[in-house]
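Each number in my numbering corresponds to the 1-based position in the sequence shown with 809 added.
First up is the structure itself, then whatever we jot down about it.
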Amino acid sequence: MTTYRVRVGFHNPSALTFLQLDELLEPRRFCRLSSYGEKFRCFIDYEYKTETKDLCAVCSIAQQAASQIKKNPLVLVEVKA
Numbered sequence: 810m811t812t813y814r815v816r817v818g819f820h821n822p823s824a825l826t827f828l829q830l831d832e833l834l835e836p837r838r839f840c841r842l843s844s845y846g847e848k849f850r851c852f853i854d855y856e857y858k859t860e861t862k863d864l865c866a867v868c869s870i871a872q873q874a875a876s877q878i879k880k881n882p883l884v885l886v887e888v889k890a
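As structure tokens, then:
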């Protein structure tokens, strides 16, 4: 099983932006790592586990979901060791 850390960021987001993103990513088995707190700024972290090792597929899933919320999201995907 491969675990990915996915960081999604937006320019000037609202709290509603990330709540909507949670609603889209949760059914796709993304688990939110960071919480909305004092350090909450422009990005939020998720964890995604899958049997296949396909970084591009994970990035594509996150990019498509984030693009439904706001234009031009920044998506960073990395494999966790």
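Yeah, the Cβ is synthetic: ideal placement off N, Cα and C, and Gly gets one too.
Keep in mind it's a predicted model, so treat the numbers as computed, not measured.
query	result
Three-state class that DSSP yields for CYS865 in the structure shown	helix
Residues near ARG814 by beta carbon distance below 7 Å, same chain, minus five either side	ASP854, GLU856, GLU887, LYS889
Buried or exposed by the 16-neighbour rule on C-beta atoms within 10 Å, applied to PRO836	exposed
Test item: CB-CB of LEU885 and ARG816 under 8 Å	yes
Rounded C-alpha distance that separates ALA866 from ARG838	14 Å
Assumed close pair LYS862, THR812 - CB separation to whole angstroms, cut-off 8 Å	About 11 Å separates the two Cβ atoms, so there is no contact after all.
Closest Cα partner of LYS858 within the set ARG850, PHE827, LEU834	LEU834
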